[in-house]
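Asks:
Residue numbers (my numbering): 8 to 343.
Here is the structure:
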């Protein structure tokens with residue numbers, strides 16, 4: 008069995024199961040993509056060029072790129088049977104440290120936050136994988152720690168560190184290639200590499216295996232489940248840290264309030280994309296569709312103009328509940 012086959016938990020061939028099973032598998036894997044297409048079509052017909060214009064689409068892509076990085080790491084964590092509530096705070100801490108470290112040039116602005124974020128991910132992984140503590144509790148603790156450290160470095164938010172405009176990092180964060188922001192290209196490159204790792208390497212296969220049955224079956228087969236979970240948490244924190252660095256580069260500053268709620272957005276994008284919260288089944292392609300769907304819906308709400316931004320959270324929350332309910336129904340059908 009290849010790693011790509013391991014990802015496909017249900018057959019797509021009607022000959023391999025009933026028609027209902029095939030439809031259920033199709034809905035779980037590609038439902039977010041289909042809904043995304045319908046939402047884009049609706050937005051195009053309703054708002055025309057104000058929605059489909061290059062400027063608006065570029066803004067959606069830029070905002071989605073930061074979430075995509077966090078959601079990519081979150082996909083690995085959830086597939087392995089865990090959860091990471093700390094990514095929003097890690098993102099904020101990374102942005103503050105990037106701005107703080109810019110006094111030592113681009114190298115300091117990049118290496119300092121990534122080193123700290125990697126260490127936070129390592130702590131998460133060791134406590135979850137080795138000490139076998141509950142991921143929810145561990146990452147909630149690091150959420151508070153990272154956010155508190157971000158405020159401490161910025162002197163309770165009173166000190167806003169500015170990244171010099173002539174720094175290479177700032178130019179990268181604000182540059183465009185053929186109208187596409189460089190952060191978008193970086194996020195897509197990272198996403199592509201992550202896709203290869205997840206679907207074409209032994210490590211990717213082990214991530215799926217670790218998420219099945221709390222990893223007990225994988226341990227019985229001799230797989231190093233604890234080591235796998237350490238690695239996915241380190242990866243999650245590093246990607247959230249990279250998102251924070253890119254946001255700081257784009258805005259030329261680091262704010263400790265940055266990334267509030269990003270962990271929930273990342274989880275929502277992963278789940279909306281069809282990855283099961285129980286782990287063991289899902290795809291990065293679905294995560295990409297989930298990220299874009301969330302950002303397009305938020306943009307359409309802004310296009311209306313008369314609705315409060317709070318409706319973004321209302322719509323996202325309602326949509327997530329519906330997706331989880333559908334996932335639960337599909338999971339029950341698979342067991343029958």
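Ideal placement from N, C-alpha and C gives every residue a C-beta, glycine not left out.
Mark residue 137 as exposed unless 16 or more other C-beta atoms lie within 10 angstroms of its C-beta, in which case mark it buried.
Replies: exposed
Asks: Can you have a look at residue 257 and say buried or exposed, based on whether 16 or more other CB atoms are within 10 angstroms of its CB?
Replies: buried
Asks: Decide if residue 165 is buried, meaning its Cβ has at least 16 other Cβ atoms within 10 Å, or exposed.
Replies: Exposed, since its Cβ has fewer than 16 Cβ neighbours within 10 Å.
Asks: If you count every other CB in all the chains shown that lies within 10 Å of the CB of residue 199, and 16 or more means buried, which is it?
Replies: exposed
Asks: Of the residues 132, 97, 209, which one's Cα is nearest the Cα of residue 119?
Replies: 97
Asks: So, helix, strand or coil for residue 177, using DSSP?
Replies: helix
Asks: On a CA-only basis, which of 244, 177, 278 is nearest residue 109? Give me that one, please.
Replies: Residue 177 is the option with its Cα nearest to residue 109.
Asks: To the nearest angstrom, report how far apart residue 329 and residue 167 are at their CA atoms.
Replies: 40 Å
Asks: Which one or two residues does DSSP pair with residue 183 in a beta bridge?
Replies: 188
Asks: So, for residue 8: in the same chain, excluding its five sequence neighbours on each side, which residues have a beta-carbon less than 6 Å away from its beta-carbon?
Replies: Its pLDDT being 44, under 50, residue 8 is placed unreliably in this model, and the value from its coordinates should be taken loosely. Cβ neighbours of residue 8 beyond the five flanking positions: none.
Asks: Tell me, please, which residues DSSP counts as bridged to residue 260.
Replies: For residue 260, DSSP records a beta bridge to 169.
Asks: Does residue 81 pass the burial test, meaning 16 or more other C-beta atoms within 10 Å, or should it be called exposed?
Replies: Result: buried.
Asks: Can you tell me the Cα-Cα spacing of residue 150 and residue 270, whole angstroms?
Replies: Across the structure, residue 150 and residue 270 are spaced so that their CA atoms are roughly 9 Å apart.
Asks: Does the beta-carbon distance from residue 102 to residue 251 come in below 7 Å?
Replies: yes
Asks: Would you call residue 280 buried or exposed, if buried means 16 or more other Cβ atoms sit within 10 Å of its Cβ?
Replies: buried
Asks: Mind checking whether residue 239 and residue 54 have CB atoms under 7 Å apart?
Replies: no
Asks: Considering just the uninterrupted stretch of the alpha helix (DSSP H) at residue 145, what are its terminal residues?
Replies: 142-160
Asks: Run through DSSP, which three-state label would residue 81 get?
Replies: helix
Asks: Determine the DSSP secondary structure at residue 274, reduced to helix, strand or coil.
Replies: The answer is helix: DSSP assigns residue 274 an H, G or I state.
Asks: Taking the alpha carbon of residue 69 as the reference point, which residue from 218, 122, 254 has its own alpha carbon closest?
Replies: 254
Asks: Indicate whether residue 86 and residue 218 have their beta-carbon atoms separated by less than 7 Å.
Replies: yes
Asks: Determine the burial state of residue 213: buried for a count of at least 16 other Cβ atoms within 10 Å of its Cβ, exposed for fewer.
Replies: buried
Asks: Using the Cβ count rule (16 or more neighbours within 10 Å means buried), how would you classify residue 298?
Replies: Under a 10 Å Cβ-count criterion, residue 298 is classified as buried, with 16 or more other Cβ atoms of the shown protein chains found around its own Cβ.
Asks: Taking C-beta to C-beta, are residue 100 and residue 147 nearer than 7 Å?
Replies: Cβ atoms of residue 100 and residue 147: not closer than 7 Å.
Asks: Quick one: what does DSSP say residue 249 is sitting in, helix, strand or coil?
Replies: helix
Asks: Return the first residue and the last residue of the alpha helix (DSSP H) that residue 120 is part of.
Replies: 112-132
Asks: From what residue to what residue does the alpha helix (DSSP H) around residue 95 run?
Replies: 94-108
Asks: By DSSP, does residue 56 sit in helix, in strand, or in coil?
Replies: helix
Asks: Please name the residue, chosen from 320, 301, 309, that lies closest to residue 43 on a Cα-to-Cα basis.
Replies: The shortest C-alpha separation from residue 43 is found at 301.
Asks: When DSSP labels each residue in this structure, what does residue 91 get in the three-state scheme?
Replies: coil
Asks: Taking DSSP as the reference, what is the three-state secondary structure of residue 231?
Replies: Three-state result, residue 231: coil.
Asks: Taking C-alpha atoms, which residue in 242, 162, 216 lies nearest to residue 125?
Replies: 242
Asks: Spatial neighbours of residue 74 within its chain, please: C-beta separation below 8 Å, excluding the five flanking residues on both sides.
Replies: 250, 269, 272, 273, 276, 298, 301, 302
Asks: Any idea what DSSP makes of residue 287, helix, strand or coil?
Replies: coil
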